[in-house]
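S.K.:
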Amino acid sequence: MRKYLPQYLAISPFFLLFGIFGLFPMVFLLYLAFHYWDGVGEMKFVGLDQFAFLVTDDTFWLSLSNTLQIWVLSTAPTLFLGLVIAFVLHSSVRFTTFYRIAYFVPSVTSLVAVAIVFGSIFSSNFGLLNAVLDWIGAAKVPWLTSELGIKVSISALIVWQWTGYNAIIYLAGLQAIPSEVFDAATVDGASRWQILWRIVIPMMRPVILFTVIASTIGGLQTFTEAQILVGEEGGPGQAGMTMVLYLYQQAFKHNDFGYGAAIGVGLFLVVLLFSVINWRLVQRGERP
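For the sequence shown, UniProt numbering assigns the number 1 to the initial residue and increments by one for each residue that follows.
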């Protein structure tokens, strides 16, 4: 034991911080889900009442539906565009370093600032996008006042912010593929799209699996984008009410931390379910 004491001491800060800021909040969330608590008074044990109400709560199911729709609208374009951009950057392109930095910048830009800018772009009355549509003679679109428009606006923000991040990850995966593979395919007369679909994608399944699961986890936890673009009530028809936004509303606006915790448990189960489904689908694709 003493022989390995320095090694244990070296890694102990990580586990200490994880226990305080990671494990404890998760355990407390589960504990809180079985209690009613307004954040100030004494906790009251209510058993499974919070979960019983959760499964009959129409707003919760609406928030789940909104979250899944936004996730689909944003994740598919983000991953596809990221892969295409990475493939192009991996080819003989001038100023590759500049493009890598340019595509990565959105992912490290303040999300609140980006959401404010997108709010002005998609504004129904004075937005830049509607101004362009009006200039070319097309009808204005109620981006932030219609259910579909709200979902498209939120999804567009997510696509803009995370496409470059996924492109950099895919680019790293492409660079791990031996150049001889691409050279041989080119000599055999394969086009760029054939190389992408028949060589690159099969050889990058582990990287693609990571980005799919990471995008699933992030997409199902959409919060700031919806909060800034359409407000804490989710906009008209609550079309922008995501699960995390609903959790925030119940816990921090209505001071019902117990029910907010129950929503958090529901969110965890949804994320876990879709992550497992994604993993199984990719694993099945790897089988001969």
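Note that the Cβ used here is the ideal one computed from N, Cα and C, for glycine as well. For clarity, every value in this text was computed on a predicted model and none was experimentally measured.
Can you check which of these residues, 272, 200, 159, is closest to residue 76 by C-alpha distance?
M.R.: Translated into positions along the sequence shown, residue 76 becomes position 76. Out of 272, 200, 159, 159 has the C-alpha closest to the C-alpha of residue 76.
S.K.: Can you have a look at residue 66 and say buried or exposed, based on whether 16 or more other CB atoms are within 10 angstroms of its CB?
M.R.: Taking the first residue of the sequence shown as 1, we reach residue 66 at position 66. By the 10 Å Cβ count, residue 66 comes out buried.
S.K.: Exposed or buried, which one is residue 37 when buried takes at least 16 other CB atoms within 10 Å?
M.R.: The count along the sequence shown starts at 1 and reaches residue 37 at position 37. Buried is the call here.
S.K.: What is the DSSP secondary structure of residue 253, counted as helix, strand or coil?
M.R.: Counting from 1 along the sequence shown, the entry for residue 253 is found at position 253. Residue state, collapsed to three classes: helix.
S.K.: Using 8 Å as the threshold, is the C-beta distance between residue 250 and residue 151 below it?
M.R.: Counting from one through the sequence shown, the residue named residue 250 turns up at place 250. Counting from one through the sequence shown, the residue named residue 151 turns up at place 151. Not closer than 8 Å, so no.
S.K.: Name, in chain order, the residues that DSSP records as bridge partners for residue 44.
M.R.: For this step, residue 44 is matched to residue 44 along the sequence shown. Bridge partners of residue 44: 36.
S.K.: In whole angstroms, what is the alpha-carbon distance linking residue 257 and residue 145?
M.R.: Locating residue 257 in the sequence shown gives position 257, counting from the first residue. Locating residue 145 in the sequence shown gives position 145, counting from the first residue. Near 30 Å, if we compare the C-alpha coordinates of residue 145 and residue 257.
S.K.: Of all the options 260, 279, 195, which has the alpha carbon lying nearest to the alpha carbon of residue 57?
M.R.: By one-based count along the sequence shown, residue 57 stands at place 57. For residue 57, the nearest C-alpha among the options comes from 260.
S.K.: Quick one: what's got a C-beta closer than 8 Å to residue 54's C-beta in the same chain, skipping five residues either side?
M.R.: Position 54 of the sequence shown, counted from the first residue, corresponds to residue 54. Only 60, 259, 262, 263, 266 meet the Cβ criterion.
S.K.: Pick from 219, 268, 225: whose alpha carbon is nearest that of residue 72?
M.R.: For the purposes of this step, residue 72 is taken as the residue at position 72 of the sequence shown. The option with the nearest alpha carbon to residue 72 is 219.
S.K.: State the Cα-Cα distance for the pair residue 78 and residue 43, rounded to the nearest angstrom.
M.R.: Reading the sequence shown from its first residue, position 78 is the one you call residue 78. Reading the sequence shown from its first residue, position 43 is the one you call residue 43. For residue 78 and residue 43, the distance between alpha carbons rounds to 43 Å.
S.K.: Using only the alpha-carbon positions, how far apart do residue 281 and residue 205 sit?
M.R.: The residue you call residue 281 lines up with position 281 of the sequence shown. The residue you call residue 205 lines up with position 205 of the sequence shown. Their Cα atoms are separated by approximately 11 Å.
S.K.: Comparing alpha-carbon positions, which option in 143, 134, 16 lies nearest residue 121?
M.R.: Looking up residue 121 in the sequence shown gives position 121. Among 143, 134, 16, the Cα nearest to that of residue 121 belongs to 143.
S.K.: According to DSSP, simplified to helix, strand and coil, what is residue 122?
M.R.: As a position in the sequence shown, residue 122 is number 122, starting the count at 1. It is coil, neither helix nor strand.
S.K.: Anyone know if the C-beta pair for residue 8 and residue 104 falls short of 8 Å?
M.R.: Translated into positions along the sequence shown, residue 8 becomes position 8. Translated into positions along the sequence shown, residue 104 becomes position 104. Taking 8 Å as the Cβ cut-off, residue 8 and residue 104 do not qualify as a contacting pair.
S.K.: Can you list the alpha helix (DSSP H) stretches of 4 or more residues lying completely in the region 48–122, in chain order?
M.R.: Those alpha helix (DSSP H) runs which fall completely within the region 48–122 and span 4+ residues are 49–54, 58–90, 96–108, 111–121.
S.K.: Considering only the beta carbon of each residue, do residue 245 and residue 223 sit closer than 8 Å?
M.R.: Taking the first residue of the sequence shown as position 1, residue 245 is located at position 245. Taking the first residue of the sequence shown as position 1, residue 223 is located at position 223. Contact flag set, yes.
S.K.: Given that a residue counts as buried once 16 or more other Cβ atoms are within 10 Å of its Cβ, and exposed if not, what is residue 167?
M.R.: Along the sequence shown, read from residue 1 onward, the residue named residue 167 stands at position 167. Under this definition residue 167 is a buried residue.
S.K.: For residue 255, I'd like the list of residues in its chain whose CB is within less than 6 Å of its CB, leaving aside the five on either flank, ordered along the chain.
M.R.: Numbered from its first residue, the sequence shown carries residue 255 at position 255. Excluding residues within five positions, the ones whose Cβ falls inside 6 Å are 38, 39.
S.K.: What's the C-alpha gap between residue 227 and residue 186?
M.R.: Taking the first residue of the sequence shown as 1, we reach residue 227 at position 227. Taking the first residue of the sequence shown as 1, we reach residue 186 at position 186. C-alpha separation (whole angstroms): 48 Å.
S.K.: Within the same chain, show all residues whose beta-carbon is closer than 6 Å to that of residue 118, passing over the 5 residues directly before and after it, in chain order.
M.R.: Here residue 118 is taken as the residue at index 118 of the sequence shown, counted from 1. If we look at residue 118 and ignore the five residues flanking it on each side, its Cβ neighbours are 157.
S.K.: Looking at residue 174 and residue 329, is the spacing between their C-beta atoms short of 8 Å?
M.R.: Given a span of 1 to 288 for the chain in the structure shown, any question on residue 329 remains unanswerable.
S.K.: Just list the alpha helix (DSSP H) runs in the region 154–213, keeping only unbroken ones of 4 residues or longer that don't cross its boundaries, in chain order.
M.R.: Entirely contained in the region 154–213, the alpha helix (DSSP H) runs reaching 4 residues are, in chain order, 179–187, 192–195.
S.K.: If you draw a straight line from the C-alpha of residue 111 to the C-alpha of residue 225, how long is it?
M.R.: Stepping through the sequence shown from its first residue, residue 111 is reached at position 111. Stepping through the sequence shown from its first residue, residue 225 is reached at position 225. The alpha-carbon atoms of residue 111 and residue 225 are separated by roughly 7 Å.
S.K.: Report the rounded CA-to-CA distance for residue 106 versus residue 161, giving the unit in angstroms.
M.R.: The count along the sequence shown starts at 1 and reaches residue 106 at position 106. The count along the sequence shown starts at 1 and reaches residue 161 at position 161. C-alpha separation (whole angstroms): 5 Å.
S.K.: Which two residues bound the contiguous alpha helix (DSSP H) that contains residue 243?
M.R.: Taking the sequence shown and counting its residues from 1, the one referred to as residue 243 is at position 243. That run of the alpha helix (DSSP H) goes 243–248.
S.K.: Quick one: give me the first and last residue of the alpha helix (DSSP H) that residue 131 is part of.
M.R.: As a position in the sequence shown, residue 131 is number 131, starting the count at 1. Where residue 131 is concerned, the enclosing alpha helix (DSSP H) stretches over 128–135.
S.K.: According to the neighbour-count rule (16 or more other Cβ atoms, all chains shown, within 10 Å of its Cβ), is residue 153 buried or exposed?
M.R.: For this step, residue 153 is matched to residue 153 along the sequence shown. With 16 or more other Cβ atoms within 10 Å, it is buried.
S.K.: Identify whether residue 141 lies in helix, strand or coil by the three-state DSSP scheme.
M.R.: In the sequence shown, the residue the question calls residue 141 occupies position 141. Of the three classes helix, strand and coil, the one that applies to residue 141 here is coil, per DSSP.
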